[in-house]
Amino acid sequence: MIVELGHYSLVLALILAILQTVVPFVGVKTGDDRQVAMAPNLAFAVFAALAFSFTVLTWAYVTSDFSLLNVVENSHSQKPMLYKITGVWGNHEGSMMLWVLILALFGALVALFGSNLPPSLRAMVISVQGLIATAFTGFILFTSNPFERLSPAPFEGNDLNPILQDVGLAIHPPLLYLGYVGFSICFSFAIAALIEGRIDAAWARWVRPWTLAAWIFLTAGIAMGSYWAYYELGWGGWWFWDPVENASFMPWLAGTALLHSALVMEKREALKVWTVLLAILAFSLSLLGTFLVRSGVLTSVHAFATDPTRGVVILGILVFFIGGALILFALRSSSLSNGGMFHPISREGGLVLNNLVLTTATATVFVGTLYPLAVEAVTGEKISVGAPYFDATFVPLMVPLLLAVPFGPLLAWKRGDIYGAAQRLYVFAGIALVAGLVTLWFATGAPVLAAFGIAIGFWLLFGSFAEVWQKSGLPKAGLSKAAARLSGMPRSVWGTAFAHAGLGVAVLGIVSVSAFQQERVLRMSPGDSTELAGYVISFDNVEAREGPNFTEDVATFVVYRDSDPIATIAPAKRLYTARGMPTTEAGIHTTGFSQVYVALGDPVEGTDQIVVRLWWKPQVTLIWLGPVLMMIGGLFSLSDRRLRIGAPTPSAKRRETLAAAE
Amino acid sequence: MLFVLAAASLTILLMGFVFLPALRGRKAEAVADEHAFDLTVYKQQLRELEADIERGAIPAAEADYARAEMGRRLLAAQDAVDASQNAAGKARQAGAPVLAAAAVFAPLATILVYTMTGSPGMDSQPLATRVAEMREQVAARDLQDMQITELVARAEAHLNQNPDDGRGWDVLAPMYLRLGRAADARNAFERSIAIQGESAARRSGLGQAYYMLAGGLVDANARVEFVRALEIDAGESRARFFMALAAAQSGDEAGALRAWQALVGDPNAAPEWQAAAAEGLRRFGAPATAATPGSPAPQLDAETMRDAEEMSAEDRSEMIAGMVAQLDAKLRDNPDDLAGWQRLIRSYLVLGRETDAREALERALAAFAQDEAKRDAVAQFAATLGLASGGEGQ
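Encoded structure:
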């Protein structure tokens, strides 16, 4: 009964989402306060219904209820409990459930924390949010229903794709979706503002914390996904410019631009067109990502063409929301008044540059992701646009921006002084130059580009703190006075510094790994050893083990430095019995920021040799520590109390009129 | 019924919550004017600016610009507040019909969509519960079997005294079949034939006994009996069923399907074997019309369908028994197979042969005496199926 109740609750959520769309909208349009006041409760109710439904689905997975087709297809009674739970969203239907659950969660959060919003704006935002929820809940119910039953029920399921049987699945998709779907709030704010015709500094201030929260989650989700791919796929790569990765990267780029653009709008009421457009774009790109991943169009355009139901429905949803939003934008954008004026060299000017570069970069990734699909659809030829394309387009595009980042916070609003800023930055430029030269010195024959990259990394890392340094008054002011000044500084200043420094840290990691990593592929027998980047790595033995739902061959490698053993690495090859599918578990040893990475290949027929791939990854962890710093920066900004504005109390006069109206 | 009640309460609960603000009077909903929210933001921005100026974070010239700009925004917002307050006071309650429509629409639409997509009344089936239920059913069947066993015991006692009572053997033989005592059934049929001479029913019964002895395979012995039965009576249903099964087992599925189709369509055939044939057709997955193009699928009446369920369950469990026996034998030869042991233990439990399951568990534990990981895996697996290992303490 409980399973059917979950299904019923999902249907109820759909119907309530329709009410959530219609009632607040009609309320605002006809000026009926009661309907406007229902908006928050509708958002809560939809969330409650979806949360119950999702819990029931999870319960079905936990108890191995094989009367659900979805459970049969993606679970197994012997799967460890963690993967029974994470398996809920390790498949199409369940991940769409998580998607709408998070969508509804954001709707409920706006209802909960939106008391500082004008009621009509809040009602409009909730209404648009309801429209998105209606579309996707309907999509789930009618094309991808996870509650489809099976009778008679089999006694065993097909198990979850082994690559997904990892803690990564517990963290990555929820974070990514919190980011993806978080931008739906910005989208809803933009649509509501366009409908209501009120786009001003106050609007930007209300939308900024939501943008920031979504951006933090998306940053975390992408970084987590990158690390997961790095250790699970066993190829030693951390970013593949794969369409699925690009699908999450594009909203991130647009979201980063939005974050900065909203700042200008809040302070100066300028860049309105930019901000609204970016808010629409960020979520549109999230929808596009959902379409790419969920329609199956990526596996093969032709596979998509043979069973297009789901894809076509998502495409319809995509066209409706993006097209509708852009049409609305086109109709209303002419009425947007120009905000504050500014000189090209100014904080605003810097942020316009930022917007330009980031949107161009987004477009670059967009083309690189969709062009192969278009070619395949038209000519039937499968082409691959891989790293070379992105290295040649995306990377050069970003370099000027990276160089410009430290200038931004030092420029004044309205009219900036670039020479003044440069003067304050020359110390940091010096540090970066030295770092670049040192790189050239130590890694003799290192490519000049690598030294340049390292210099950029240090430039960002230290230059980002220029504003903090300057405001502290050091070294003239003395320590105690500086400390007092620093602690009195708004947290958003710290946020900016950390986020930009995080970018520098990530750049350092990326350049270091790309330029200095060492790779060896060789056949090894137990007892063999090899040399890699100053370490001696010896292959001790291979041992067969039995896991709960897999068997594995675990190899033991010992890492020696100066003939002292410093670490043991145990890479493995697993065979998941239910699907007969092999996976590679990389063995990783971290020293400092660097890693020794070992992956097992296939055994060589007729010998005791195994193909072994060894990598030395210098400073690789910086690639993910950078985003962690960015998130810390984001959290600093989010916790700045300046982003929290109290709700106004009703004026005495208004209360009187209300009382008179009773 | 319980489901309807639960679904109704869920609907009422959520709908009530949603409509609460509309039902509540407007008194509690006194909200500040829309534009007052803007005012709050701009006032706050101005305060922040003053704080920045005080800290010396902004140069004086810039500060003046910023202050002037914010002042303009503040004034504009203040004007908007004043304007709307002069206009306030109009009662705005136009939407009662919308609310009523929504309140009616929501539950009806939910019920409509749910009946389209859901399976109302279908129970949840957690694996643990299913295994438990399966064992209960088996226990119930055991009870029935016990009653038959008692009958059998009486018949056996009678035949001990009067071994030449042919009709006694005729009664006893099918009971042996029912109890799965294939060897005894064979003896009984042979005695009956020896005393009373052969008949189509006795020959086909003997064939079924051979079929069971072979672990669910229509082997040469069984086939001889069925052929003989059909020589005596070409319409004998059981023999026709098993000959078709034999064809299926030797790879001639088309032939099997044709024969079963004919059996199902034969008004003179015994209903229980028609049902078995229908089950065979279903199992081998051919559409019922494949064998006889143009003719509609045979319609079975309710009773036959019920028989089919029973028959097929028996038939199926026999087949499974054969497969399980094979697996059991394989594991005796090659005991280092964790997945195999798990399958065997579960199979025995599903078949209700708890003693065998327990014995298999002990054997598995013994086989993995040297391998703690696998031994734990087996013990834990058995525990999840509700089968405690008694081996540790003994």
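Protein sequence lines correspond, in order, to chains B and W. If you're matching positions, the first sequence starts at 1 in this note's numbering and goes up one per residue. If you're matching positions, the second sequence starts at 1 in this note's numbering and goes up one per residue. Think of the CB as a built atom: it goes at the ideal place given N, C-alpha and C, for glycine as much as any other residue. Every value quoted in this text rests on a predicted model; they were computed, and no experiment measured them.
Sort out for me which residues DSSP pairs residue i with in a bridge.
| i | result |
| --- | --- |
| Pro603 (chain B) | B:Ile610 |
| Ser594 (chain B) | B:Thr591 |
| Glu664 (chain B) | This structure leaves residue 664 (chain B) out entirely; chain B is present only between 1 and 662. |
| Pro565 (chain B) | B:Tyr560 |
| Arg149 (chain B) | B:Leu68 |
| Lys471 (chain B) | Bridge partners of Lys471 (chain B): none, in fact. |
| Trp616 (chain B) | B:Gln518 and B:Val596 |
Output, in chain order, the set of chain B residues within a Cβ distance shorter than 8 Å of residue i.
| i | result |
| --- | --- |
| Gly118 (chain W) | Glu4, His7, Tyr8, Val11 and Phe147 |
| Val113 (chain W) | Val11, Leu14, Ile15 and Leu141 |
So with CB distances below 7 Å, who are the chain B contacts of residue i?
| i | result |
| --- | --- |
| Pro126 (chain W) | Thr63, Ser64 and Asp65 |
| Pro21 (chain W) | Arg34, Ala37, Met38 and Asn41 |
| Tyr65 (chain W) | Lys414 |
| Gly279 (chain W) | In the sequence under discussion, the amino acid at residue 279 (chain W) is Glu, which differs from the Gly named in the question. What Glu279 (chain W) touches in chain B: nothing, since even the nearest Cβ is about 13 Å away. |
| Phe3 (chain W) | Met1, Glu4 and Leu5 |
| Arg55 (chain W) | Gly488 |
Tell me which residues share the same chain as residue i and place their Cβ nearer than 7 Å to its Cβ, disregarding the 5 neighbours each side in the sequence.
| i | result |
| --- | --- |
| Leu2 (chain W) | none |
| His7 (chain B) | Phe147 |
| Ala17 (chain B) | Val46, Gly130, Ala133, Thr134 and Thr137 |
| Val81 (chain W) | Asp33, His35, Ala36 and Leu39 |
| Thr292 (chain W) | Residue confidence is low: Thr292 (chain W) scores 34 on pLDDT, short of 50, so the model does not pin down where it sits. Its coordinate-derived value is still stated next. Hits under 7 Å: Gln261. |
| Ala435 (chain B) | Ile454, Ala455 and Phe458 |
Return the chain-ordered list of same chain residues with a C-beta closer than 8 Å to the C-beta of residue i, the five sequence neighbours on each side being excluded.
| i | result |
| --- | --- |
| Thr384 (chain W) | Ala128 |
| Pro97 (chain W) | none |
| Ser192 (chain W) | Gly166, Trp169, Asp170, Ala173 and Arg202 |
| Asn355 (chain B) | Ala257, His260, Ser261, Leu271, Trp274 and Leu278 |
| Ala466 (chain B) | Pro406, Pro409, Leu410, Arg424, Leu425 and Phe428 |
| Leu99 (chain W) | Phe19 and Ala22 |
| Pro565 (chain B) | Val558 and Val559 |
Along chain W, in chain order, which residues have C-beta atoms closer than 7 Å to that of residue i?
| i | result |
| --- | --- |
| Leu42 (chain B) | Val18 |
| Glu546 (chain B) | Leu338, Ala373, Lys374 and Ala377 |
| Ala45 (chain B) | Leu14, Phe17 and Val18 |
Taking 6 Å as the limit between beta carbons, can you name the residues of its chain near residue i, skipping five residues before and five after?
| i | result |
| --- | --- |
| Ala182 (chain W) | Ala209, Met212 and Leu213 |
| Val4 (chain W) | none |
| Pro335 (chain W) | Ala367 |
| Ala200 (chain W) | Ala229, Ile232, Asp233 and Glu236 |
| Ala308 (chain W) | Residue confidence is low: Ala308 (chain W) scores 46 on pLDDT, short of 50, so the model does not pin down where it sits. Its coordinate-derived value is still stated next. If we look at Ala308 (chain W) and ignore the five residues flanking it on each side, its Cβ neighbours are Ala275, Ala278 and Glu279. |
| Pro618 (chain B) | Ser512, Phe516 and Ser594 |
I want to verify the contact list: residues of chain W whose CB lies under 8 Å from the CB of residue i, in sequence order.
| i | result |
| --- | --- |
| Ala153 (chain B) | Gln125 and Arg130 |
| Asn158 (chain B) | The premise fails here: Asn158 (chain B) is roughly 14 Å from chain W at the closest Cβ pair, so nothing lies under 8 Å. |
For a contact defined as C-beta to C-beta under 9 Å, what are the partners of residue i on chain W?
| i | result |
| --- | --- |
| Lys272 (chain B) | The contacting residues do not exist; Lys272 (chain B) stays about 14 Å from chain W at best. |
| Ala201 (chain B) | Asp38, Val41, Tyr42, Gln45, Met70 and Arg73 |
| Pro80 (chain B) | Those do not exist, as Pro80 (chain B) stays about 11 Å from chain W at its closest Cβ, beyond 9 Å. |
| Pro409 (chain B) | In chain order: nothing, as chain W lies at least about 12 Å away. |
In chain B, which residues lie less than 9 Å from residue i when you measure between Cβ atoms?
| i | result |
| --- | --- |
| Phe284 (chain W) | Correct list: empty, because the minimum Cβ distance to chain B is about 17 Å. |
| Arg135 (chain W) | Neighbours of Arg135 (chain W) on chain B: none; closest Cβ ~13 Å, over 9 Å. |
| Met323 (chain W) | Going along chain B, no residue has its Cβ under 9 Å from Met323 (chain W), so there is no contact; the nearest lies around 14 Å. |
| Val98 (chain W) | Val22, Val23, Val26, Gly27, Thr30, Asp32 and Gln35 |
Please tell me whether, using a cut-off of 7 Å, the distance from the CB of residue i to the nearest non-hydrogen atom of the ligand SAH is below it.
| i | result |
| --- | --- |
| Arg424 (chain B) | Because no ligand of any kind appears in the structure shown, any question about the ligand SAH cannot be addressed here. |
Cβ contact check for the region 179-191 of chain B and the region 579-591 of chain B: 3 or more pairs under 8 Å:
No, the region 179-191 of chain B is not in contact with the region 579-591 of chain B.
I'd like to know if the region 475-483 of chain B and the region 442-461 of chain B are in contact, where contact means that at least 3 CB-CB pairs between them fall below 8 Å.
With contact defined as three or more Cβ pairs closer than 8 Å, the region 475-483 of chain B and the region 442-461 of chain B are not in contact.
Flag this pair as touching only if the region 92-107 of chain B and the region 35-52 of chain B have three or more C-beta atom pairs under 8 Å; answer yes or no.
Output reads yes: the region 35-52 of chain B touches the region 92-107 of chain B.
Mind listing, in chain order, the continuous alpha helix (DSSP H) runs of no fewer than 4 residues lying wholly within the region 483-563 of chain B?
With a minimum length of 4 residues, the continuous alpha helix (DSSP H) runs that stay inside the region 483-563 of chain B are 491-516.
Only counting runs of 4 or more residues, tell me where the alpha helix (DSSP H) segments fall wholly within the region 82-145 of chain B, in order along the chain.
Secondary structure within the region 82-145 of chain B: the alpha helix (DSSP H) runs of 4 or more consecutive residues, fully enclosed, are 92-113 and 119-143 (chain order).
Whole runs of the alpha helix (DSSP H) within the region 247-298 of chain B, excluding any shorter than 4 residues:
Here the runs fully enclosed are 272-294.
Hey, which unbroken runs of the alpha helix (DSSP H) at 4 residues or more fall wholly within the region 182-242 of chain W?
If we require 4 residues or more, the alpha helix (DSSP H) runs fully inside the region 182-242 of chain W come out as 182-196, 200-213 and 220-232.
Is the region 171-191 of chain B touching the region 4-23 of chain W, taking contact as three or more C-beta pairs under 8 Å?
The region 171-191 of chain B is not in contact with the region 4-23 of chain W.
Any contact between the region 158-175 of chain B and the region 87-99 of chain B? By contact I mean 3 or more CB pairs, one from each, below 8 Å.
Because the criterion of three Cβ pairs below 8 Å is met, the region 158-175 of chain B and the region 87-99 of chain B touch.
Is there contact between the region 309-318 of chain B and the region 358-366 of chain B, where contact requires at least three CB pairs shorter than 8 Å?
Three or more beta-carbon pairs separated by less than 8 Å are not found between the region 309-318 of chain B and the region 358-366 of chain B, which leaves the two stretches without contact.
Contiguous alpha helix (DSSP H) assignments of at least 4 residues, all confined to the region 317-396 of chain B
With a minimum length of 4 residues, the continuous alpha helix (DSSP H) runs that stay inside the region 317-396 of chain B are 324-333 and 347-379.
Check whether the region 33-41 of chain B and the region 147-162 of chain B touch, using three or more Cβ-Cβ pairs below 8 Å as the test.
Touching, no, given that fewer than three Cβ pairs across the two stretches are closer than 8 Å.
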